[in-house]
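What follows is a single structure, written as structure tokens, with notes after it.
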Amino acid sequence: MTLLDVNNVSLAFGGVQALSDVTFTVEEGEIFSIIGPNGAGKTTLLNCISGVYPPTGTIRMEGVEIVGMKPHKRPKLGITRTFQNIALFPTESVIDNVLVGSDYMLRSGVLRTCLYWTPLGCSAGEARAREAALEALGILGLEEFADAPVADLPYGSQKRVELARAMVAKPKLLLLDEPTAGMTTTEKQELTEQVKVLNADHGVSVVMIEHDMGVVMKISHRIMVLDFGKKIAEGSPAEVTDNPKVRKAYLGEEA
Amino acid sequence: MDSNKRSNCSRPLLGTRHECIGAIGLIVAVAVISQFLDDYFLTLLTTISIYALAGMGLNLLMGNTGLISIAHAGFMGVGAFSSAYLIHDVGLPVLLSIILAGLITSAVGMFFGLPSLRLKGVYLAMASFAAQIILYWAFEVSRWFTGGQDGRFVDRPTILGVSFFESNHYYLFVLAFTVIGAIVNFNILRSKLGRAFSAVRDRAIAAELMGINVFRTKMAAFGLSTFYAGVAGALFGFYLEFVAIQAFTLFISIQFLAMVIIGGLGKVSGSILGAAFIVILPEVMDSIALMITPNAGEMAPIRMGVFGLIVVVFLIYEPHGLARSWRRFVDWGLARMGVNR
Numbered sequence: 003m004t005l006l007d008v009n010n011v012s013l014a015f016g017g018v019q020a021l022s023d024v025t026f027t028v029e030e031g032e033i034f035s036i037i038g039p040n041g042a043g044k045t046t047l048l049n050c051i052s053g054v055y056p057p058t059g060t061i062r063m064e065g066v067e068i069v070g071m072k073p074h075k076r077p078k079l080g081i082t083r084t085f086q087n088i089a090l091f092p093t094e095s096v097i098d099n100v101l102v103g104s105d106y107m108l109r110s111g112v113l114r115t116c117l118y119w120t121p122l123g124c125s126a127g128e129a130r131a132r133e134a135a136l137e138a139l140g141i142l143g144l145e146e147f148a149d150a151p152v153a154d155l156p157y158g159s160q161k162r163v164e165l166a167r168a169m170v171a172k173p174k175l176l177l178l179d180e181p182t183a184g185m186t187t188t189e190k191q192e193l194t195e196q197v198k199v200l201n202a203d204h205g206v207s208v209v210m211i212e213h214d215m216g217v218v219m220k221i222s223h224r225i226m227v228l229d230f231g232k233k234i235a236e237g238s239p240a241e242v243t244d245n246p247k248v249r250k251a252y253l254g255e256e257a
Numbered sequence: 002m003d004s005n006k007r008s009n010c011s012r013p014l015l016g017t018r019h020e021c022i023g024a025i026g027l028i029v030a031v032a033v034i035s036q037f038l039d040d041y042f043l044t045l046l047t048t049i050s051i052y053a054l055a056g057m058g059l060n061l062l063m064g065n066t067g068l069i070s071i072a073h074a075g076f077m078g079v080g081a082f083s084s085a086y087l088i089h090d091v092g093l094p095v096l097l098s099i100i101l102a103g104l105i106t107s108a109v110g111m112f113f114g115l116p117s118l119r120l121k122g123v124y125l126a127m128a129s130f131a132a133q134i135i136l137y138w139a140f141e142v143s144r145w146f147t148g149g150q151d152g153r154f155v156d157r158p159t160i161l162g163v164s165f166f167e168s169n170h171y172y173l174f175v176l177a178f179t180v181i182g183a184i185v186n187f188n189i190l191r192s193k194l195g196r197a198f199s200a201v202r203d204r205a206i207a208a209e210l211m212g213i214n215v216f217r218t219k220m221a222a223f224g225l226s227t228f229y230a231g232v233a234g235a236l237f238g239f240y241l242e243f244v245a246i247q248a249f250t251l252f253i254s255i256q257f258l259a260m261v262i263i264g265g266l267g268k269v270s271g272s273i274l275g276a277a278f279i280v281i282l283p284e285v286m287d288s289i290a291l292m293i294t295p296n297a298g299e300m301a302p303i304r305m306g307v308f309g310l311i312v313v314v315f316l317i318y319e320p321h322g323l324a325r326s327w328r329r330f331v332d333w334g335l336a337r338m339g340v341n342r
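Chains A and B supply the protein sequences, listed in that same order. FYI, in our numbering the residues of the first sequence are 3 to 257. FYI, in our numbering the residues of the second sequence are 2 to 342.
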């Protein structure tokens, strides 16, 4: 079944054509990687899917058109993401950062908050969300840092906090923007495993932008290659590696 | 199950059990002592409690959500005049009037909060400055509502036959509101709403992509913040037994800003300590001035200067506010008592 259907998506910033007519689909249960040289439009494409920019063309999530839909409605549709440059909330603790991910599921407005302990209040939901957050942190090996200020954690751990925040949102589609950037080799291996587990055991489909070809080749089911905002290739890891256009874009070889 | 319970208890209202007991002890002590104070100290204590309530509101907006309002005195005025109007002209019961005054202020606050969707930082400050000017002007011209320059009288409340006319009794009335306000404030900060506030403050775009409705969150911040201000205003009116527009000037609004910054942004304790600081410091300086010269009047200009100086020194040496000093003091005290936190 097709989960995400991206059709003829284009976006220009002034005179710069960041994306032109990009079309692809992501199937349920797939790990779909987007690769390409710097400035190819990979993050822009992810931003279009998550609602930062409104492109032309259509993007459908399980048949629902999401171009023009407010960004904050995406988690409800099952779309969540991580960021290339970590976008955690630096003044908060690790667990509070993670909890923000699942907050869209909590029904607690001003009144429920004021009636915190009463049956109408939000304390029960809070407790459940906290448990789920601790569980996610446990899976990523961060449980002991739950109450630490997130800004005190090293870079690699902060990246994993972002992943935990995305996990508790129970996404169908997880958008990862360079999840292993700045990580050590060991950290990269761990993260690769964790993404695989999320995909295989929890049925989360993944769209991943990644520069580390080792990681990409190891876990991707399919790969799309962007260059100057255009799709130049798509296929299995083996097909993409053999594609002459890809070799040209990456290595400057004559096609 | 046992460990489960503990993990829930690891986040009680005020942190640890000792702190909880300490806070309850403090409230009871203040309530008991207040009954034996003379009018001078009761005035200080009541003003501190009312300012603390308004400060909590402003702190939710500034400290927690990263927005700004230089109109909180104006919002307090809306609450004060609304409750006076609802009680004396409409004839509603006191408690209902206080709540309604809070809600009315909340609606006014959200209206003046609308620019926050487009404006940030100093630009938003200017917009709220305009709100203060508009509100003050509206108080002046709406004589049917505010009495204009003459102000209007309000009676201290009587609820279910219990009179809060005497200042020491009225203090308990105020204290109840301040305590409830503080508890609600804590509850907001440790639940979804509080997380949404700080997420919007820290990174609005990331917050939005995580499913937070930034518009609604900012409106909730303005609504809650000005609800606090409105209730504080109502309590202030009862206390003075006379609501005058001069009590809600720009100067007071700026004093509220100073209050939450000195107290500690984003902390409930900061709102309370800041209120105590801003009320007590001028009194202390007056006493010192009287010791130096019998004619305290000639010290007035110096007083303002010294006040400003102390505030600046504070910001330099304790940028996280009195809340941080208090934290250190409590930790030190607990360590001395050998309590393991």
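We treat Cβ as the ideally placed atom computed from N, Cα and C, and that holds for glycine.
Pick helix, strand or coil for residue i, following the three-state DSSP scheme.
| i | result |
| --- | --- |
| residue 77 of chain A | helix |
| residue 330 of chain B | helix |
| residue 221 of chain A | helix |
| residue 20 of chain A | strand |
| residue 143 of chain A | coil |
| residue 279 of chain A | An answer regarding residue 279 of chain A cannot be provided, because it is not within the stretch 3 to 257 covered by chain A. |
| residue 4 of chain B | Its pLDDT being 35, under 50, residue 4 of chain B is placed unreliably in this model, and the value from its coordinates should be taken loosely. Three-state result, residue 4 of chain B: helix. |
| residue 166 of chain B | coil |
| residue 71 of chain B | coil |
| residue 238 of chain A | coil |
Short check: CB of residue i to CB of residue j, under 7 Å?
| i | j | result |
| --- | --- | --- |
| residue 2 of chain A | residue 170 of chain A | Outside the shown range of chain A (3 to 257) lies residue 2 of chain A, about which nothing can therefore be said. |
| residue 226 of chain A | residue 36 of chain A | yes |
| residue 111 of chain A | residue 117 of chain A | no |
| residue 28 of chain A | residue 11 of chain A | no |
| residue 133 of chain A | residue 139 of chain A | no |
| residue 89 of chain A | residue 204 of chain B | yes |
| residue 111 of chain B | residue 224 of chain B | yes |
| residue 106 of chain B | residue 76 of chain B | yes |
| residue 280 of chain B | residue 45 of chain B | yes |
| residue 206 of chain A | residue 176 of chain A | yes |
| residue 54 of chain B | residue 179 of chain B | yes |
| residue 96 of chain A | residue 150 of chain A | yes |
| residue 200 of chain B | residue 85 of chain A | no |
| residue 133 of chain B | residue 59 of chain B | no |
| residue 30 of chain A | residue 5 of chain A | yes |
| residue 176 of chain B | residue 98 of chain B | no |
| residue 140 of chain B | residue 78 of chain B | yes |
Report, in whole angstroms, the separation of the C-beta atoms of residue i and residue j, which I expect to be a contact under 8 Å.
| i | j | result |
| --- | --- | --- |
| residue 32 of chain A | residue 204 of chain A | About 14 Å; that fails the 8 Å criterion. |
| residue 267 of chain B | residue 275 of chain B | So it is not a contact: roughly 12 Å between Cβ atoms. |
| residue 197 of chain B | residue 105 of chain A | 7 Å |
| residue 201 of chain A | residue 209 of chain A | Rounded, the Cβ-Cβ distance is 11 Å, inconsistent with contact. |
| residue 212 of chain B | residue 77 of chain A | 4 Å |
| residue 45 of chain A | residue 179 of chain A | 6 Å |
| residue 165 of chain B | residue 157 of chain B | 5 Å |
| residue 238 of chain B | residue 232 of chain B | Not a contact, Cβ separation roughly 11 Å. |
| residue 308 of chain B | residue 286 of chain B | 7 Å |
Would you decide whether residue i is buried or exposed? Buried here means 16 or more other CB atoms lie within 10 Å of its CB.
| i | result |
| --- | --- |
| residue 302 of chain B | exposed |
| residue 86 of chain B | buried |
| residue 37 of chain B | exposed |
| residue 187 of chain A | exposed |
| residue 167 of chain B | exposed |
| residue 124 of chain B | exposed |
| residue 57 of chain A | buried |
| residue 8 of chain B | For residue 8 of chain B, the predicted model reports a pLDDT of 36, less than 50, meaning its position is unreliable; a value from the coordinates is still stated below. Residue 8 of chain B should be labelled exposed. |
| residue 40 of chain A | exposed |
| residue 41 of chain B | exposed |
| residue 142 of chain B | exposed |
| residue 21 of chain B | exposed |
Starting from the C-beta of residue i, find all residues in its chain whose C-beta is less than 6 Å away, skip the five residues before and the five after it, and write them out in chain order.
| i | result |
| --- | --- |
| residue 57 of chain B | 182, 186, 229 and 272 |
| residue 209 of chain B | 215 |
| residue 158 of chain A | 185 and 189 |
Under 8 Å Cβ to Cβ from residue i, same chain only, skipping five residues before and after it: list those, please.
| i | result |
| --- | --- |
| residue 255 of chain B | 71 |
Please list, in chain order, all residues of the same chain as residue i whose beta carbon is under 7 Å from its beta carbon, the five residues on each side excluded.
| i | result |
| --- | --- |
| residue 129 of chain B | 69, 70, 71, 72 and 113 |
| residue 217 of chain A | 182, 190 and 194 |
| residue 5 of chain B | Bear in mind that a pLDDT of 36 at residue 5 of chain B, under 50, signals an unreliable position, so the number given afterwards is only what the model happens to contain. Excluding sequence neighbours, residue 5 of chain B sits near nothing in its chain. |
| residue 12 of chain B | For residue 12 of chain B, the pLDDT reaches just 48, beneath the cut-off of 50, and the residue's location in the model is therefore unreliable, although a value from the coordinates is still provided. 191. |
| residue 242 of chain A | 225, 227, 235 and 248 |
| residue 20 of chain A | 13, 14, 43, 46 and 231 |
| residue 319 of chain B | 325 and 326 |
| residue 116 of chain B | 125 and 128 |
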